[in-house]
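Position one of the sequence shown corresponds to residue 1 (this note's numbering), numbered consecutively onward. Think of the CB as a built atom: it goes at the ideal place given N, C-alpha and C, for glycine as much as any other residue. What follows is a single structure, written as structure tokens, with notes after it.
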Amino acid sequence: MTLLTKYILTAGLLFLTYLQSIGQNEVVEQFLSGKSVVFISASTNATPSLSWKELAEEIHSALIAAGGDPIAYYELEEAILSEAIKSTYASFFSQRLVKNIVLLIRKNDGRFFSHVFPFTGNANIIAPGENWSGSSEDLPGIKNQIESLGSGRSSENFLVIEVPEYPPVPGMENSRAQSGYLPRNPLNLDAFKLGVLLTGASGNEGFLTSFRHDVYGKPEEQVAAEQRAEREGMESVFEANYPHEVVFLTEARSNQELIREGVQFLLMKQEGREADLMQSMGLDPQASETPDRVVVKYYIRFLVRNEQYIGTRWDADPDWRVALKSFLEQVSY
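Structure, rendered in structure tokens:
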């Protein structure tokens, strides 16, 4: 490598670092001049045990000290149950003139991570790009990092609330009712292709979900490997349990593109606490004997009418293979 090449590479790295610094500075400036909403995703297996609301009580003063204006706290898992629910949250945030989304993640091993993103103004809520981030092995450490977020800068947020608030999101019940979940099986699966979304095929629509505590921080190589394993596993389950045509989707596609290619049905997957999933799909959560367990539920979306078919019986399971096999068995015959 010549000396000139080294200079060019060094200059390029410095310029990239400079651009990243500018982007992060813009995020911090916006945090110091506008309202923020905080999403918390906390592992229940971490010790000492702290609920998401207890964590909200802990970090509220740190966000205020940093110069922020946190107007509402929510559990991340509640917001990402469906696109309709995310859209309802986003509409409420727009009405409240929210500018920033703060994320606090607590992993199984007790480590903490935090991010500040600009609010997108749409149902994605956040998008990949410039953001402030911090991490710590413990709660005092992440609080200190958050407090130093606006260090040396003046804040324009003056009238801030002294304690964390958890305001209800207007229209949430309507969004659940309008999600179109139907407790029956779809018709004409033999006449049209079934599109199957693989992990990572949802584009920016699924970016917020990547901050759930159990999936946060996975390296790209691991995600790619899991996608390959998922496809191989799904292919074997489909071969044994689904007699009609299937198309595997590894990247985001619009509904119009899919319909033009003969794909009118899309296999969808939701993962979350069983009681939350049942409630979001219009079922009685008290019917679950294990409401707090994290399960996978498959359903089929009819793209033409945006109807979601969840089957005639509840078949969610912690093991996605078991859940998929059970669902395909009941919709195929």
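- Query: Under the rule that 16 or more other beta-carbon atoms within 10 Å means buried, what is Q308, buried or exposed?
  - Reply: For the purposes of this step, residue 308 is taken as the residue at position 308 of the sequence shown. Buried, by the Cβ-count rule.
- Over the uninterrupted beta strand (DSSP E) stretch that includes M278, give me the two end residues. By 1-based counting over the sequence shown, the position of residue 278 is 278. Taken as a continuous stretch (DSSP letters only), M278 belongs to no beta strand (DSSP E), being part of the alpha helix (DSSP H) at 274-280.
- Query: Of all the options S94, Y181, A62, L55, which has the alpha carbon lying nearest to the alpha carbon of L76?
  - Reply: By one-based count along the sequence shown, residue 76 stands at place 76. Here the closest residue by C-alpha is L55.
- Task: Rounded to whole angstroms, what's the CA-CA distance from P170 to F92? Just pull it up for me.
- Result: For this step, residue 170 is matched to residue 170 along the sequence shown. For this step, residue 92 is matched to residue 92 along the sequence shown. Computed Cα separation, rounded: 7 Å.
- Item | Nearest neighbour of L303, chosen from Q256, E232, V294, N124 [CA to CA] | On the sequence shown, position 303 is the one that residue 303 refers to. The shortest Cα separation from L303 among Q256, E232, V294, N124 belongs to Q256.
- Which value, in whole angstroms, describes the spacing of the CA atoms of A65 and Q279? Looking up residue 65 in the sequence shown gives position 65. Looking up residue 279 in the sequence shown gives position 279. Computed Cα separation, rounded: 37 Å.
- Message: On a Cα-Cα basis, can you pick out the residue from N188, F248, G217, H244 that is closest to E232?
- Response: By 1-based counting over the sequence shown, the position of residue 232 is 232. Among N188, F248, G217, H244, the Cα nearest to that of E232 belongs to F248.
- Output yes or no for whether 8 Å exceeds the beta carbon distance between L334 and R301. The first residue shown for the chain is 1 and the last is 333, placing residue 334 beyond what the model contains.
- Item | Span of the beta strand (DSSP E) around N100 | As a first step, residue 100 must be located in the sequence shown, where it is residue number 100. It spans 98-106 - the beta strand (DSSP E) in which N100 sits, taken as one unbroken run.
- Task: Any chance you could list the beta strand (DSSP E) runs of at least 3 consecutive residues sitting entirely within the stretch 256-317, in chain order?
- Result: 263-273, 294-302, 307-309
- Item | Endpoints, beta strand (DSSP E) assigned at F93 | If you number the sequence shown from 1, residue 93 lands on position 93. From DSSP, F93 is part of no beta strand (DSSP E) but of the alpha helix (DSSP H) over 83-95.
- Item | Identified DSSP bridge partners for I339 | Outside the displayed span of the chain (1 to 333) sits residue 339, for which this structure offers no information.
- Beta-carbon separation (whole angstroms), N100 vs F31, contact threshold 8 Å: Working through the sequence shown from its first residue, we reach residue 100 at position 100. Working through the sequence shown from its first residue, we reach residue 31 at position 31. Distance from N100 to F31 at the Cβ level is roughly 5 Å; contact confirmed, criterion being Cβ atoms closer than 8 Å.
- Task: Give me the Cα-Cα distance between A123 and E57, rounded to the nearest whole angstrom.
- Result: Position 123 of the sequence shown holds residue 123. Position 57 of the sequence shown holds residue 57. Straight-line Cα distance between these residues: approximately 27 Å.
- Compute the Euclidean distance between the alpha carbons of Y7 and L97, then round it to the nearest angstrom. By 1-based counting over the sequence shown, the position of residue 7 is 7. By 1-based counting over the sequence shown, the position of residue 97 is 97. In this predicted model, Y7 has a pLDDT of only 47, less than 50, meaning its place in the structure is not dependable; the value taken from the coordinates is given anyway. Between Y7 and L97, the C-alpha separation is close to 46 Å.
- Would you mind working out which of V322, I40, L283, S51 sits nearest P183, comparing C-alpha positions? Taking the first residue of the sequence shown as 1, we reach residue 183 at position 183. Shortest Cα-Cα distance from P183 to any of V322, I40, L283, S51 involves L283.
- Message: If contact is defined by three or more beta carbon pairs under 8 Å, each pair taking one atom from either stretch, is the stretch 69-88 in contact with the stretch 135-150?
- Response: In the pairwise beta carbon analysis, the stretch 135-150 is classified as not touching the stretch 69-88: fewer than three pairs are separated by under 8 Å.
- Item | Option nearest S36 by Cα separation, candidates S87, D109, T44, L104 | Reading the sequence shown from its first residue, position 36 is the one you call residue 36. Considering only alpha carbons, the answer is L104.
- Task: Can you tell me which of E29, P243, I71 puts its alpha carbon nearest to the alpha carbon of S155?
- Result: Mapped onto the sequence shown, residue 155 falls at position 155. Minimum Cα distance to S155 is reached at E29.
- Task: Answer yes or no: do L328 and N241 have a C-beta to C-beta separation smaller than 8 Å?
- Result: Locating residue 328 in the sequence shown gives position 328, counting from the first residue. Locating residue 241 in the sequence shown gives position 241, counting from the first residue. In this structure, N241 lies closer than 8 Å to L328 by Cβ.
- G150 versus P140, G129, V116, E165, residue with shortest Cα-Cα distance: Locating residue 150 in the sequence shown gives position 150, counting from the first residue. When only C-alpha atoms are compared, the closest one is V116.
- Put F207 into one of helix, strand or coil per three-state DSSP. Position 207 of the sequence shown, counting from 1, holds the residue named residue 207. Coil at F207, not helix or strand.
- Query: To which residues does DSSP link D69 through a beta bridge?
  - Reply: Translated into the one-based positions of the sequence shown, residue 69 becomes position 69. For D69, which the question treats as bridged, DSSP gives the partners K35.
- Near K259, what residues of its chain come up, given a Cβ to Cβ distance below 8 Å and the 5 sequence neighbours on each side ignored? For the purposes of this step, residue 259 is taken as the residue at position 259 of the sequence shown. Position check: residue 259 holds Ile in this sequence, whereas Lys was assumed. If we look at I259 and ignore the five residues flanking it on each side, its Cβ neighbours are L303, V304.
- Mapping DSSP to helix, strand and coil, what is S21? Position 21 of the sequence shown, counted from the first residue, corresponds to residue 21. The pLDDT assigned to S21 is 45, lower than 50, so where the model puts this residue is not dependable, and the model offers no usable value.
- Message: Quick check on the burial criterion: 16 or more other C-beta atoms within 10 angstroms. Buried or exposed for P118?
- Response: Taking the first residue of the sequence shown as 1, we reach residue 118 at position 118. Taking all protein chains shown into account, P118 has 16 or more neighbouring C-beta atoms within 10 Å of its C-beta and is therefore buried.
- From G129, S254, Y298, V160, residue whose alpha carbon lies closest to that of N25: As a first step, residue 25 must be located in the sequence shown, where it is residue number 25. Nearest option by C-alpha distance: G129.
- Closest Cα partner of P70 within the set R321, P219, E261, P164: Residue numbering aside, residue 70 sits at position 70 when the sequence shown is read from its first letter. The shortest C-alpha separation from P70 is found at P164.
- Item | Best match in T312, E245, G67, L324 for proximity to G152 [C-alpha to C-alpha] | Within the sequence shown, numbered from 1, the residue matching residue 152 stands at position 152. Here the closest residue by C-alpha is G67.
- Item | Whole-number beta carbon distance between M172 and T88, since they are thought to touch under 8 Å | As a first step, residue 88 is located in the sequence shown; it is residue number 88 there, counting from the start. As a first step, residue 172 is located in the sequence shown; it is residue number 172 there, counting from the start. Confirmed, about 6 Å.
- Count the other CB atoms within 10 Å of the CB of R273; is the residue buried (16 or more) or exposed (fewer)? Residue 273 sits at position 273 when you count from the first residue of the sequence shown. By the neighbour-count criterion, in which a residue is buried when 16 or more other Cβ atoms sit within 10 angstroms of its Cβ, R273 is buried.
- If you drop the 5 nearest sequence neighbours on each side, which residues of the same chain put their C-beta closer than 7 Å to that of V294? The residue given as residue 294 occupies position 294 in the sequence shown. Correct list, in chain order: E271, G272, R273, P318.
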